[in-house]
Structure formats: C-alpha cells, structure tokens
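Okay, structure first, notes after.
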Amino acid sequence: MPASAKKKVVLLGATGSIGGSTLRVLRAHSDKLELVGVAASSSHRELAAICHEFHVPHAVLSDEAAYAEAKAANTFPANSHLGCGESGLIEISTLPEADIVLVAVVGACGLKPTLAAIEAGKDIALANKELLVLGGAFVIEAAKRKGVRLLPTDSEHNAIFQCIEGHPQQHLDKLILTASGGQFRDAPLKSLAKVTPADATQHPNWSMGPKITVDSATMANKGLELIEAHWLFGLEPERLEVVIHPQSIVHSFAQFIDGSILAQLSPPSMTFAIQHCLLYPDRAPGVDATTDFRKAFQLDFKAPDFKRFPCLQLAYDAMRSGGSAPAIFNAANEIAVERFLAHDLAYLDIPRVIDHTLEKVETSAAATLEALLHIDAEARAVAQSF
Ligand code: NDP
Ligand code: MG
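No gaps in the numbering here: position 156 of the sequence shown is 151 in the working numbering, and each next residue is one more.
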C-alpha cells in the first residue's frame, strides 16, 4: 500500500461498544483510515447514521427482519449498498478494496466471516474472543497459511502483543493476564445468589456490551481470554496465569525466562488497543488521555479466588482438556448468559450450566470445522435445556 493511501477498514459490530470506540478512532485519524464496510445485527437506524456520517459504501444487517424494516424506512444513504444475513457478513468481510476487518460482533457468529476474510487475504483486528475459543485451530492455521496479520484487539492480548514484539518465542516464560475481578470481586459470597441482570451489567471500570460485562462478573471472560491467549501466542495452559488487578490500568504482563516482566499500561478505554491495531505498525496520538503519573494512584494485584469464580476454573479445565472442550465451554456460557439476561436463569446457575454441558457433551478432537460447528450446536441445545 502506498504510504499516502488510507487503510480501508471493515467494521463488524459497528453499533456496539467496541464499534463506538472504533468510530472515535476513525474520526480522529480520518487522514489515515477509511471506513468501507459496516455490519450490525438489527440496530438499523444506528447503522444508517454511521453510513451517513462516514459515507460508508457497504453495510450489512445480519437480522433479516431488521433488513426489511430498513429497506421499507429507506434510512440508508442512496449510495450505500445494504446486504443481509450471514452471506452479507461474508461478502462485506471479503470486499476487494478492504485492507483490514475489525471483528467486534459478539459471540461465535464471528467465526465464518473471519475465516472468509482471512481466505481473502485481509488483515484481522480481533476483538471478538468467542470465535477464537470456538475455532482457534482453524483461524490460526488459515492466518499462517495466508500470511495475514491477526492483530489482538482485546486489551490484555493487545498489551501482550506490544510487550513481546521483537522478542524470540524461546525467551518467553509465561503470560499473566490481568482481570478487574468485575463488580462482585469483594461482594459477600452469600449475596451472589440474588444478583440480577441489572446488577451484573454494570462494570466498575469498563463500559462494555451486556454479554462481556456479565462474563467479567463471573470471570468467564478471563477464562475465554486464557484460551484466546493460548491460540494467539502459542503457549500451553501451564504458562498462562491470571491476576486480579482492580484498577484495570496494567493490561497484562509478559514474563521472560530471565525473570524480567514487561507490562503495558493505559487507562481503561478500548481506544488504545483499537488504534494500535488499526494503525499498526504505525503510531499516532491517542484519542483518550493516558495515565498521568503526576497524580497519585495505586496499582493492586492479588491471586483470583476460584471458589468465587468457578467459571475461571471450568475454563482452565476445558483449555487443558483441549479438542472441542473450549468450544463446549463457550457455547454453554453464551446460552447461560443469554438466559440469565432474559431472567430465565439465576446468576449462580451460569457455572452450573457450563459444568453440566461439559459433562453431557462428549469432548472429541473435532478435526474439521463442520464437526466443531456440530458440537457447538449440540452444546447450545444441552445448555438451553438445563
Ligand atoms: P456489544 O453487545 O456492545 O455490540 C455487539 C455488536 O455486534 C453490535 O453492533 C451488534 O449489532 C453486533 N452483532 C451482534 N450479533 C451480530 C450478528 N449475528 N451479526 C452481525 N452483527 C452482530 O458488544 P461489545 O462491543 O461489548 O463486544 C463485542 C466483542 O468484543 C465481544 O466478543 C467482546 O467479548 C469483545 N470485547 C469487548 C470489549 C469491550 O470493551 N466492549 C473489550 C474486549 C473484547 P446490534 O447493535 O444490531 O445488536
Ligand atoms: Mg479483555
């Protein structure tokens, strides 16, 4: 790409929390970045507004009813082509003019569009972790084969990526992921039985979508991130650790074989990681103010309590089992959180659903993508019937 050309970006999940932070980065760096495609599930008015503001030529609504509504309401600009469904997502992820696809949809639905984008030779900025927990082996293999960049946008993985860049793999000892511990980090254990969706969708440090906010409370999020780190950085489970860090300023650590530890710091805003990925390997001024050491502040660290966070233990176990176990963990968690948010399950049932699903669905090698998607569907059905 000539130095003067703008990098052309496709944003899947444009109307969400990561989507909104990405739009802030795009506004600040419109001289370097151009939005050529956006997708959402059903928020058609919000997506149309983005198309108007950024003059986006391609948009997709995966939800067919929302697509029909948008067509009838005629809210999109005349020169924005509007597609729909999974085929629309795949089409927009493989646009000939696109350089990079930022995957910020929520859940495993991101897997097929991401694989299609990789096959089409696009670089990927990956915020969505569920797709890597489901299909990590296939995504990593395809990215290597096609020689595309898989840029970690999840803040912990982005931190690690920044810390280990330029260091040979054999110098790396372990990775330590920081976790805020969520909103119930210090709550009396007894009180957890009464947690409501309203309580579990408020995070003390981060402003995020509802699913990941619940995942942060249960620490299923950190479990998913351990598996994500396993795929992105190629380390075995024994070399992946978690530490509770309530302030969310240190975004993770990389420890080297000589005992030196590197960290990346910034305030809890996703714009830092998003911008790092979109401009990579370039850098430019950030859109949010960074950590100011002239003001006194504290950084605390402590080991996680697995009794309080059974989802974290279940994720470790699934990661060690390997094969389809992480996919089963992810599918069960997605359904459990969906049911909890719909007031169909108690908060403390979330780990029970995951445990039950891992017991019921047999773990196998899942050598093909089809086999894996079949197991994913089976696990969702088991979790639904809990
Ligand atoms: P949100 O719920 O805020 O947004 C999700 C976005 O994805 C929305 O634009 C939604 O559209 C769209 N979407 C959902 N399902 C589909 C689908 N089937 N097809 C097309 N679009 C779809 O989620 P977040 O932004 O919080 O999280 C997105 C991903 O990034 C998750 O995997 C999360 O784990 C990860 N992540 C998020 C962080 C954060 O700070 N929020 C931090 C690190 C990782 P619609 O509005 O129409 O529903
Ligand atoms: Mg994270």
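No residue lacks a Cβ here, since even glycine has one placed at the ideal position from N, Cα and C.
Remember, predicted model here, so these are calculated numbers, not experimental data.
Taking the alpha-carbon of residue i as reference, which of the options has the nearest alpha-carbon?
i      : options                           : result
Phe304 : Gln178, Asp295 and Leu274         : Gln178
Glu151 : Ala310, Asp312 and Ile239         : Ile239
Lys169 : Ala313, Cys158 and Cys79          : Cys158
Glu59  : Phe251, Gly83 and Pro232          : Gly83
Gly229 : Gly131, Ser36, Val143 and Thr70   : Gly131
Asn153 : Phe133, Ala122 and Ala174         : Ala122
Phe381 : Leu367, Leu340 and Glu231         : Leu340
Ala103 : Pro263, Ile119 and Leu127         : Leu127
Ala298 : Ala120, Val237 and His76          : Val237
Gly14  : Thr148, Ala111 and Pro321         : Thr148
Lys387 : Lys66, Thr352 and Tyr275          : Because the chain here runs from -4 to 381, residue 387 falls outside it and cannot be looked at.
Ile171 : Phe248, Asn200 and Thr191         : Phe248
Lys27  : Leu273, Gln379, Arg180 and Asp350 : Leu273
Leu129 : Ile155, Phe156, Ala120 and Val101 : Val101
Ser57  : Ser36, Ala372, Ala120 and Lys107  : Ser36
Asn74  : His53, Ala67 and Ala68            : His53
Val55  : Ser175, Ile119 and Leu7           : Leu7
Ala337 : Ala322, Leu235 and Ala195         : Ala195
Leu79  : Ile119, His50 and Ala34           : Before going further, note that residue 79 is Cys rather than Leu in the sequence given. For the residues Ile119, His50 and Ala34, the minimum Cα distance to Cys79 belongs to Ala34.
Ala378 : Leu368, His369, Ala360 and Lys355 : Lys355
Gly105 : His39, His246, Glu64 and Glu125   : Glu125
Ala376 : Asp344, Ile323 and Leu343         : Ile323
Gly32  : Asp300, Val98, Ala67 and Ala63    : Val98
Gly335 : Pro346, Thr352 and Pro192         : Residue identity check: residue 335 is Phe in the sequence provided, not Gly. Comparing Cα positions, the closest option is Pro192.
Ile252 : Ala268, Asn200, Ser261 and Gln165 : Gln165
Which word fits residue i, buried or exposed, when buried means at least 16 other C-beta atoms lie within 10 angstroms of its C-beta?
i      : result
Ala362 : exposed
Thr266 : buried
Lys302 : exposed
Thr109 : buried
Gln270 : buried
Phe296 : exposed
Glu223 : buried
Glu220 : buried
Leu30  : buried
Gln259 : buried
Glu233 : exposed
Thr17  : buried
Gly11  : buried
Gly254 : exposed
Ile349 : buried
Ala137 : buried
Ser264 : buried
His50  : exposed
Glu86  : buried
Ile389 : In the structure as shown, the chain begins at -4 and stops at 381. Residue 389 is therefore absent and cannot be evaluated.
With DSSP as the reference, please indicate the residues paired to residue i in a beta bridge.
i      : result
His76  : His53
Ser247 : Gln259
Ala132 : According to DSSP, Ala132 bridges with nothing at all.
Lys3   : Glu29
Leu187 : The partner list for Leu187 (beta bridge, DSSP) is empty, contrary to what the question assumes.
Ile119 : Val96 and Leu145
Lys302 : For Lys302, which the question treats as bridged, DSSP gives no partner whatsoever.
Lys297 : Ile239
Which residue comes first and which comes last in the beta strand (DSSP E) that contains residue i?
i      : result
Gly32  : Leu28 to Ala35
Leu90  : Where Leu90 is concerned, there is no enclosing beta strand (DSSP E), given that its DSSP letter is neither H nor E.
Ala258 : Ile256 to Leu260
Lys169 : Leu167 to Ala174
Val237 : Leu235 to Ile239
Val96  : Ile95 to Val98
Pro199 : Taken as a continuous stretch (DSSP letters only), Pro199 belongs to no beta strand (DSSP E), as it is neither H nor E.
Which residues mark the beginning and the end of the alpha helix (DSSP H) in which residue i is found?
i      : result
Ser383 : In the structure as shown, the chain starts at -4 and stops at 381, and residue 383 therefore has no counterpart that could be examined.
Ala115 : Here Ala115 belongs to no alpha helix (DSSP H), and DSSP marks it neither H nor E.
Leu273 : Thr266 to Leu274
His351 : Asp344 to Lys355
Pro192 : Pro192 to Ala195
Gly229 : Looking at the DSSP string, Gly229 is not in any alpha helix (DSSP H), and its letter there is neither H nor E.
Lys66  : Glu59 to Ala68
Gly14  : Ser12 to Ala23
Cys104 : Where Cys104 is concerned, there is no enclosing alpha helix (DSSP H), given that its DSSP letter is neither H nor E.
His162 : Per DSSP, His162 belongs to no alpha helix (DSSP H) and is neither H nor E.
Thr208 : Pro205 to Thr213
>> Measuring CB atoms only, is the region 112 to 127 touching the region 84 to 96, in the sense that at least three cross pairs come out at less than 8 Å?
In response: yes
>> Within 8 Å, do at least three Cβ pairs link the region 134 to 143 to the region 173 to 189?
In response: no
> Counting pairs of Cβ atoms below 8 Å between the region 198 to 210 and the region 281 to 298, do you hit three or more?
Replying inline: no
> Touch check for the region 325 to 332 and the region 210 to 225: three-plus C-beta pairs under 8 Å?
Replying inline: yes
> Is there contact here, the region 274 to 286 with the region 10 to 25, by at least three beta-carbon pairs under 8 Å?
Replying inline: yes
> Given 8 Å as the limit, is there contact between the region 159 to 168 and the region 305 to 314, that is, 3 or more CB pairs closer than that?
Replying inline: no
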